[in-house]
Structures are given as structure tokens and as C-alpha cells.
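Chains as they are written, first to last, in the numbering used here: chain A, 9 to 185; chain B, 9 to 185; chain C, 9 to 185. All C-beta atoms in this analysis are idealised placements derived from N, C-alpha and C, irrespective of residue type, glycine included. In this text, all values refer to a predicted model and were calculated from it rather than measured experimentally. Below: one structure, written as C-alpha cells.
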């Protein structure tokens, strides 16, 4: 894996995205940065966050970044591999804060591409069901799809997970291995 | 690409289906037919249609075909490549008009196969979420899935897009290239 | 295909999962066991069950197993290939009966792995839409995703269907063919 590699890990709910992303980072030299975007609004979320945290080894440094992923990435040690989990919650946080989603997405992508160490980003694919009834859900679905497309266009590798199994949709570095 | 090639472009919302389909057609000799099935019922739809239209070059001839795709395809110049965008809206239009969906699907597929120029069809995959609460949405989901299956069985190529990236699910013409 | 092969067939609604799974089993020596998990609560379900049943040849032996898949698998003749259609309904049945979903999943997987004849299991992928509004749907989505992951980890082959077309996500026996 070359230093600046960017990997986007896509998949549905409970598709094993986080675990897969962690395994990619854990093959690199530690310590690793874990950029957590989840905010615990209720008991359901709290339990989910605790479960994810308990699974990770002590070589992970956790940074809470519900909104400022770009700033958090910029402030990391330059050679520290980073995992962002997950973009879909981060986008939700910005949507609820009524921020400009396109500007935030552009700012994030620029920060990811500035890194000299590998970055792995986890995002949900949410556009494969029936059109949602409510307008906010549709707006979110559109923004999430656009963010995934923009990141996928810049990423070195894109994998799509189904039932814990990855399918490689893009790999520009496969020859380096 | 041989003359009569039929390509089905599947994917979720905001997965880059339209853009991918346009790029397939734009490699062929122009002019190209754009068969638009969208009807602007509200401002959200109008904005989306305008955005799609603004992206297309002047070599596209736009035909509005919210219901009669078969007739519109039959009336095109025989050697004009055609893009149908999208089947999911077309099916919705027929569902709301209380037409016989299976008969309409069969009529469409026959017209597609009658073309001597390439046809690229865009359709949404809508069956990968939780079962919808309301019966109409379930009926639509079933009809959309059946239409996609029937077309995929007849198509020369079927691609599934995730985050703007295509995964080839079927390609019977790969040797011709 | 070696005797104990386990195949997991994943896909969305109306993606051709059942037909694909039947075709896998029908290449093996008959008779074949069809383990049906569907319970007809209403006319819509009854019509769907009847349609599936009418499509199957007489070499199929149908076993109704809305809850006890493990016991039904254990009771089959040891050399009889089995098709389980589908796990998503089976999980729904256990959810509605307020059973321990993790315990039931573990019991099922153990029974599948005890078989000396091939087993093909059909399951829906339901996690690729917007987060459902209601908590029960979210709980179900999580349980279904975990079951699919656990089975996929143990299966010899995992295929994901889109529009009737299979994409192989895992195949540990491809060299035996």
C-alpha cells in the first residue's frame, strides 16, 4: 500500500463495513487514528458506539469528529493512518445543523487528499430502496449519493460490502502489491 | 459495439446511472435520441429534469415519452442510438395510470429488441431496503424487479452502479471489442 | 460440487433469488428438499407462495418450517440436497414470536454445517435503503444483516443477485469444478 492511498468502504447496514475498514488499517504500522462521527442521541446509538469501541485494539487513538472531519484530519500526525467511521452519520450531523452539504463535502475531500498517510472512509449506501416518503430523507439520500460518487472518483480503491464480503469496484493500485 | 446492442444500466438513487448511460451512447455516432420519461409534477422534479437536460450536449434529441416508450422507439430513425432514462419513472407513470404493467413491459421489451441501433436503458434498483409499509409501494417494487429481470435476460450488457462505478453483471459482447 | 457445499443466495426483492437457488439444486440428484419458511397471513402472501410452488417440479419435497429450520434439516435423509427459502421470512417469524434471534441463528448455522448433502439458502439483503423510521424494522434489519454475515462467513459460495443475474462474492470451491 503506498503512503497516500485512499480507500472508500461502502455497504448497507450491518454489512461488515466497519470491521473490514479496521482490518485494512490494522495491516499498517500503528498507532492508527479512529475518527468517530457518531453522536449518541439515545440508548440505541450509545450501545452501538460502545460495541464498536470495545472491538478495537489499544493501538487505536479515537478522535470525536461529528462535524469537523477536515480539521481533525489536518491536525493528525502526518504519517498516521486514519479511519473515518462513518461519512453517513457525519453528513446527517451537517444536515441537522443546516450546513451547506456540498461545501462541507468539498472541504472533506480536499483534507483527505492532503493526507500523506492512508485514509480509509466508511460510508453507507442508502439509495437502493423505495423512494422515501419524506422530503428530508430524499434530500439526505441525494447528498449521500453525491458524496459517495465524489469520493469514489478520487479514491484509489472502492469496495462494496455484502454480508461481510467485499467486492472491489475500483482499484488503481492493484499492480503495486 | 454491434448495431443492435442493448445495455441495461441499474443502480440506486444518485449512483451515477444517467451519466454512465450517456457516456455509453456518446461513444457512438451522433445524433442520439434521449427518451425522457420524467414528468414534472412539482418543483423538486422540475429542478432534477433541468439539471439532467443542462448536462447533455446539443447532439441529443429529446423525446418526451412518459408512457409510450414503445411507440417512441418505433418512430425513431432506424440507425439512431437511443437512451431511455428512466424505466422506473415510466413504470410509476403506468402504475398511477392504472395500466396493465406486465403488458406494457412486454410491449416495451419487444420495441427495444426491434431496434437496429443500440439502446441503453436506465433503471433503479429499489428492492434492497426494508419491505415498504404500503401495498402500492410493494406492488411497484415487485413490478420494477420483474421488469429489470425481464430486460436483463434480453440485454447484451447489464451493469450495476455503486457510487458512480460500474460493475458488469452480464456482457455477451465482450469478445467483439 | 462436493457433497457438503453450502451456498448463500442474497439479493433484493424480485431479484430472482428463488429461481437461481432452485437451479443450483436442480443440477444435483433428486429428490430435493424444499424448506419453506413462508406463512400465509394474508391473500398477498398466499398468492406469492402458490406462485413459487407451481414453478417447482415434482422432484421437490416441500417441508413447512416457519420456525424450526434446524430440526427440519436434521430430520432430512442425509444425502438429500436442501433449499431453504427464505431466511428473511424465517427471521421475521422468530422476531414476531419474540424468540432469541442470535440463539436461533447459531442453532440454524450449526444444523446447516452438520448436513452431508448440499444446502442452498436464500436471504434478502435489506440494509441498502434509508434507515427505517420504526425501531422494530431497525432491529430486524440489524438481525438480518448479522445472520447474513455469519452465514456468509461459513458458506462455501455466496452470490448476490441483481435483476436475476448473479455476482459471485465468495467461492471456495471454484477449483473443484
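(message) Less than 8 Å between CB atoms is the rule here; does residue 136(C) satisfy it with respect to chain B?
(response) Answer yes: the Cβ-Cβ gap between residue 136(C) and chain B drops below 8 Å somewhere.
(message) At the 8 Å Cβ level, is residue 127(B) part of the contact set with chain C, yes or no?
(response) no
(message) Residues of chain B with CB closer than 7 Å to the CB of residue 130(C), please, in chain order.
(response) Under the 7 Å cutoff, chain B gives no residues; its nearest Cβ is about 14 Å from residue 130(C).
(request) Using the Cα positions of residue 48(A) and residue 97(C), report the straight-line distance between them to the nearest angstrom. (result) 31 Å
(message) For residue 11(B) and residue 123(B), what's the separation of their Cα atoms in angstroms?
(response) Bear in mind that the predicted position of residue 11(B) carries a pLDDT of just 49, short of 50, making it unreliable; the figure below should be weighed with that in mind. Straight-line Cα distance between these residues: approximately 9 Å.
(request) Taking residue 178(A) as the query, report the chain B residues whose CB atoms sit under 8 Å from its CB, ordered along the chain. (result) 173
(message) If you follow the alpha helix (DSSP H) that residue 27(A) is in, where does it begin and where does it stop?
(response) Counting along the chain, the alpha helix (DSSP H) containing residue 27(A) begins and ends at 25-34.
(message) Which residues in chain B have a C-beta closer than 9 Å to the C-beta of residue 154(A)? List them in chain order.
(response) Within chain B, the residues 22 have their CB atoms less than 9 Å from the CB of residue 154(A), given in chain order.
(message) Looking at residue 164(A): is its Cβ nearer than 8 Å to the Cβ of residue 30(A)?
(response) For the 8 Å CB-CB criterion, residue 164(A) and residue 30(A) do not form a contact.
(request) In the DSSP assignment, find the alpha helix (DSSP H) that holds residue 22(A) and state where it starts and stops. (result) Looking at the DSSP string, residue 22(A) is not in any alpha helix (DSSP H), and its letter there is neither H nor E.
(message) Is the beta carbon of residue 174(A) closer than 8 Å to that of residue 167(A)?
(response) yes
(request) Determine contact between the segment 135-146 of chain B and the segment 14-28 of chain C, defined as no fewer than three beta-carbon pairs at a distance below 8 Å. (result) yes
(request) Would you mind telling me which residues of chain A sit closer than 7 Å to residue 120(C), beta carbon to beta carbon, in chain order? (result) One finds nothing in chain A with a Cβ atom closer than 7 Å to the Cβ of residue 120(C); even the nearest lies about 15 Å away.
(message) Could you give the first and the last residue of the continuous beta strand (DSSP E) run that contains residue 176(B)?
(response) 173-179
(request) Provide the residue(s) that pair with residue 132(B) in DSSP beta bridges, ordered along the chain. (result) 19(B)
(request) Identify the continuous alpha helix (DSSP H) that holds residue 148(B) and give its terminal residues. (result) Secondary structure note for residue 148(B): its alpha helix (DSSP H) is the uninterrupted segment 143-162.
(message) Please report the straight-line C-alpha distance between residue 171(C) and residue 105(C), rounded to a whole angstrom.
(response) Between the alpha carbons of residue 171(C) and residue 105(C) lies a distance of about 33 Å.
(request) Note down, in chain order, each residue of its chain lying with its Cβ closer than 7 Å to the Cβ of residue 177(A), except the 5 sequence neighbours on either side. (result) 166, 167 and 168
(message) Judging by CA-CA distance, which residue of 157(B), 40(B), 15(B) and 28(B) is the nearest neighbour of residue 86(B)?
(response) 40(B)
(message) What I want to know is whether the C-beta of residue 164(C) ends up closer than 7 Å to one or more non-hydrogen atoms of the ligand MG.
(response) With respect to the ligand MG, the structure shown offers nothing to examine, as it has no ligands at all.
(request) Check the Cβ of residue 110(C) against every Cβ in chain A and list those closer than 8 Å, keeping chain order. (result) Per Cβ cutoff of 8 Å: no residues; residue 110(C) is ~13 Å from chain A at best.
(request) Would you tell me roughly how many angstroms separate the C-alpha atoms of residue 36(A) and residue 89(A), rounded to the nearest one? (result) Distance from the CA of residue 36(A) to the CA of residue 89(A), rounded to the nearest whole angstrom, comes to 7 Å.
(request) Would you mind telling me which residues of chain B sit closer than 7 Å to residue 170(C), beta carbon to beta carbon, in chain order? (result) 18, 133, 168 and 177
(message) Between residue 160(B) and chain C, is any beta-carbon pair separated by less than 8 Å?
(response) It does; some Cβ of chain C falls within 8 Å.
(request) Can you grab the Cα-Cα spacing for the pair residue 63(A) / residue 101(B), in whole Å? (result) 48 Å
(request) Following the continuous beta strand (DSSP E) through residue 70(C), name the residue where it begins and the one where it ends. (result) 68-72
(request) Grab me the residues of residue 74(A)'s own chain with a C-beta within less than 6 Å of its C-beta, minus the 5 sequence neighbours each way, in chain order. (result) 45, 47 and 101
(message) So within the segment 55-112 of chain A, which uninterrupted alpha helix (DSSP H) runs reach at least 4 residues, ignoring any that extend past its ends?
(response) 77-83 and 95-104
(message) Judging by CA-CA distance, which residue of 32(C), 77(C), 26(C) and 95(C) is the nearest neighbour of residue 61(C)?
(response) Ranking the options by Cα distance to residue 61(C), first place goes to 26(C).
(request) Classify residue 93(C) as buried or exposed, calling it buried when 16 or more other Cβ atoms lie within 10 Å of its own Cβ. (result) So residue 93(C) ends up on the buried side.
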